[in-house]
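Residue numbers (the numbering used here): 128 to 245.
Don't be surprised by glycine CBs; every beta carbon is placed ideally from N, CA and C.
These numbers come from a predicted model, not from an experiment.
Report on the following structure.
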Amino acid sequence: QLQASGGGLVQPGWSLRLSCAASGRPFSIAAMGWHRQAPGKQRERVAAITSGGSTNYADSVKGRFTISRDNTKNTVYLQMNSLKPEDTAVYYCTYYSGSSYYMDISSWGQGTLVTVSS
């Protein structure tokens with residue numbers, strides 16, 4: 128089970144940190160990720176992190192978003208800075224079937240809504 132939290136309504140330029148707590152399966156050996164889906168758009172991967180801590184970001188968020196993980200808490204985070212209206216979306220936490228984010232996604236969280244608006 129993946130439980131995401133931290134979404135909300137913020138103004139452009141503000142920051143938010145999303146959290147996703149995982150339970151029921153091994154956490155430290157799996158890659159984790161964050162995807163998002165904006166209204167009327169396809170779901171896209173925003174960021175991912177391997178079991179070893181290597182990260183990958185979508186071009187649209189590079190330099191603004193940071194993914195991290197705490198294996199002692201079975202939690203993955205997404206620190207989002209300098210938020211833009213185009214970052215408005217439902218954000219989903221994802222659990223990969225192996226240590227790399229090139230592998231299949233085996234589980235999706237329930238999503239948390241981020242709205243960036245003045």
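Item                                                                                           : Value
Run of the beta strand (DSSP E) containing residue 219, from where it starts to where it stops : 216-223
Burial state of residue 140, where buried means 16 or more other Cβ atoms lie within 10 Å      : exposed
Check whether residue 158 and residue 228 have beta carbons under 7 angstroms apart            : yes
8 angstroms Cβ shell around residue 188 - same chain, five flanking residues per side excluded : 173, 174, 207 and 214
Opening and closing residue of the beta strand (DSSP E) in which residue 234 lies              : 232-235
Residue burial classification, residue 156 (beta-carbon count within 10 angstroms, cutoff 16)  : exposed
Between the CA atoms of residue 237 and residue 137 - distance to the nearest angstrom         : 21 angstroms
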